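Visitor:
Residue numbers (the working numbering): 17 to 208.
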């Protein structure tokens, strides 16, 4: 698995931790999970392999569905602005353009300077970004301010993307598969 580079901050020296936003990386992770379970419980090896194989199929279907949905967007409309830089693997896998983030880091406590905000607003306007995507685990206030200044919609509330966390039980993001389906549906609907 290829790890994306970090942004240069000390906590990011190991690279971008958001590997699950590319389903092909998840397939690698579930092989490791199967091996760990089998090492602890060899008697369950057949069941663990069957479960992993079944989940592989679901991951393949998810990957194909995401690719199909994203390909329905004109390439010029595939521009992503998010609360923070959590979607690099997704952007790389599905050929979107990452324009920028409200928080210029993998660290959700980082903040944009006034100059950074001005530059991001200008960039959003100049290249024709259609939407800014807030994330479920972060407040949308700065995204809403930037959206107002840039004249673009902000996707927030129940439609927020799941970047760092799953959603609560019963939500659109309660499982990994639901989370990625929700994120894709939300992105495609907002960028049409």
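Think of the CB as a built atom: it goes at the ideal place given N, C-alpha and C, for glycine as much as any other residue.
Every value quoted in this text rests on a predicted model; they were computed, and no experiment measured them.
Closest by CA to residue 106, which one among 72, 205, 49, 197?
Guide: 197
Visitor: Less than 8 angstroms between the CB atoms is what I'm expecting for residue 153 and residue 180, so what's the real figure, rounded?
Guide: 5 angstroms
Visitor: What residue does the beta strand (DSSP E) around residue 48 start on, and which one ends it?
Guide: Per DSSP, residue 48 belongs to no beta strand (DSSP E); it is in the alpha helix (DSSP H), 39 to 56.
Visitor: Start and end of the beta strand (DSSP E) containing residue 34?
Guide: Counted as a single uninterrupted DSSP element, the stretch harbouring residue 34 is not any beta strand (DSSP E), since DSSP gives it neither H nor E.
Visitor: Determine whether the beta carbon atoms of residue 208 and residue 145 lie at a separation below 8 angstroms.
Guide: Residue 208 is not a Cβ neighbour of residue 145, given a cutoff of 8 angstroms.
Visitor: First and last residue of the beta strand (DSSP E) that includes residue 116?
Guide: 113 to 119
Visitor: Is residue 108 near residue 38, with beta carbons less than 8 angstroms apart?
Guide: yes
Visitor: Under three-state DSSP, which class holds residue 30?
Guide: Correct three-state label for residue 30: coil.
Visitor: When you compare each of 157, 131, 178 to residue 191 by their alpha carbons, which one comes out closest?
Guide: 178
Visitor: Quick check: the Cα distance between residue 79 and residue 42, rounded to an integer number of angstroms?
Guide: 11 angstroms
Visitor: Count the C-beta pairs between the segment 157 to 170 and the segment 136 to 143 that are closer than 8 angstroms, then say yes if the count reaches three, no if not.
Guide: The segment 157 to 170 is in contact with the segment 136 to 143.
Visitor: For the beta strand (DSSP E) that contains residue 169, what are its first and last residues?
Guide: 169 to 171
Visitor: Of all the options 40, 21, 44, which has the alpha carbon lying nearest to the alpha carbon of residue 33?
Guide: 21
Visitor: If you compare alpha carbons, which of 50, 118, 133, 182 is closest to residue 155?
Guide: 118
Visitor: Any idea which residues DSSP pairs residue 98 with across the strands?
Guide: 117, 149
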